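Chemist: Going letter by letter, the sequence shown gives residues 1 to 154 in my numbering. The beta carbon of each residue, even a glycine, is placed where N, CA and C say it ideally should be. None of these values were measured; they are calculated from a predicted model. Attaching a single structure in structure tokens format; questions to follow.
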Amino acid sequence: MFWLSDSACWIILIVVALVVETVTMNLNAVWFALGGVGSLIAVSLGAPVPVQWVVFIVVSAIFLFLVRPFARRVLKPKGAATNADRILGEQAVVTQDIDNTLAQGEIKIMGQYWSARSADGAPIAKDSVVRVREIVGVKAIVEPISPEVQQMKP
1 MFWLSDSACW IILIVVALVV ETVTMNLNAV WFALGGVGSL IAVSLGAPVP
51 VQWVVFIVVS AIFLFLVRPF ARRVLKPKGA ATNADRILGE QAVVTQDIDN
101 TLAQGEIKIM GQYWSARSAD GAPIAKDSVV RVREIVGVKA IVEPISPEVQ
151 QMKP
């Protein structure tokens, strides 16, 4: 029967852990690869198998529990800007009366129709000009604007 050297076993473990990490991208297996690197260093220094395993467990645990939370925070996507962001602050025309109590209302902005709600809860009549303050879910939260402000906008 063919036996692998300690070094070969740790190299295989490192490669397998890196392949698993590449496939899953969960920041779980990479820490075991680092533990394998620690054990590979221990082998090169002449450490016996029980010491290699202790090094593997300790190094993997340190990286898993201390470095992983920091790495996840740093590598976490911040959220991509969407096309919806471009309507914030823009003027729109109310195409259906906005009434928060009836959960109805619609605006047209940049050629698209959006469900809309009033920012202050007051009803807004059809054909009024409003400004989009924010987007909540798939609804535009709007506020009416005065006729003077409407004319200032190009």
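#1: Just checking, does the segment 15–30 make contact with the segment 42–51 on the three C-beta pairs under 8 Å criterion?
#2: If you compare alpha carbons, which of Asn-28, Met-25, Thr-101 is closest to Ala-119?
#3: Can you tell me whether Gln-112 is buried or exposed? The criterion is at least 16 other CB atoms within 10 Å of its CB, across all chains shown.
#4: Between the segment 118–138 and the segment 89–99, do three or more beta carbon pairs fall short of 8 Å?
#5: Measure the Cβ-Cβ separation of Val-132 and Ile-87 and say whether it is below 7 Å.
#6: Using DSSP bridges, identify the partner residues of Ile-135.
#7: Please report the straight-line C-alpha distance between Ile-14 and Gly-36, rounded to a whole angstrom.
#8: Can the beta-carbon of Ala-42 be found closer than 7 Å to that of Val-51?
#9: What distance in whole Å lies between the Cβ atoms of Ala-92 and Lys-76, which are believed to be in contact at a cut-off of 8 Å?
#10: Exposed or buried, which one is Trp-3 when buried takes at least 16 other CB atoms within 10 Å?
#11: For Met-152, does the count of other Cβ atoms within 10 angstroms reach 16, so buried, or fall short, so exposed?
#12: Compute the Euclidean distance between the alpha carbons of Pro-154 and Asp-85, then round it to the nearest angstrom.
#13: Does the separation of the CB atoms of Val-94 and Ser-128 fall below 7 Å?
#14: Does Ala-8 pass the burial test, meaning 16 or more other C-beta atoms within 10 Å, or should it be called exposed?
#15: Please report the distance separating the alpha-carbon of Ala-71 from that of Leu-40.
Modeler: Straight from the coordinates:
#1: Below 8 Å, too few C-beta pairs join the segment 15–30 and the segment 42–51 to call them touching: fewer than three.
#2: When C-alpha distances from Ala-119 are compared across Asn-28, Met-25, Thr-101, the shortest belongs to Thr-101.
#3: The residue is exposed, with fewer than 16 neighbouring Cβ atoms inside 10 Å.
#4: Verdict: yes, contact present.
#5: It is a contact, given that the beta carbons lie within the stated cut-off.
#6: Ala-140, per the DSSP bridge assignment.
#7: Taking the straight line from one Cα to the other gives about 6 Å.
#8: In this structure, Ala-42 lies near Val-51, with their beta-carbon atoms less than 7 Å apart.
#9: Not really, about 33 Å apart at Cβ, beyond 8 Å.
#10: With fewer than 16 other beta carbons inside 10 angstroms of its own, Trp-3 counts as exposed.
#11: For Met-152, the pLDDT reaches just 49, beneath the cut-off of 50, and the residue's location in the model is therefore unreliable, leaving the point undetermined.
#12: At Pro-154 the pLDDT is 45, less than 50, meaning the model places this residue with poor confidence; the figure from the coordinates comes in the next sentence. The alpha-carbon atoms of Pro-154 and Asp-85 are separated by roughly 20 Å.
#13: Yes. Within cutoff.
#14: Residue burial annotation: Ala-8 is exposed, with fewer than 16 other C-beta atoms found within 10 angstroms of its C-beta.
#15: Going by C-alpha positions, Ala-71 is about 24 Å away from Leu-40.
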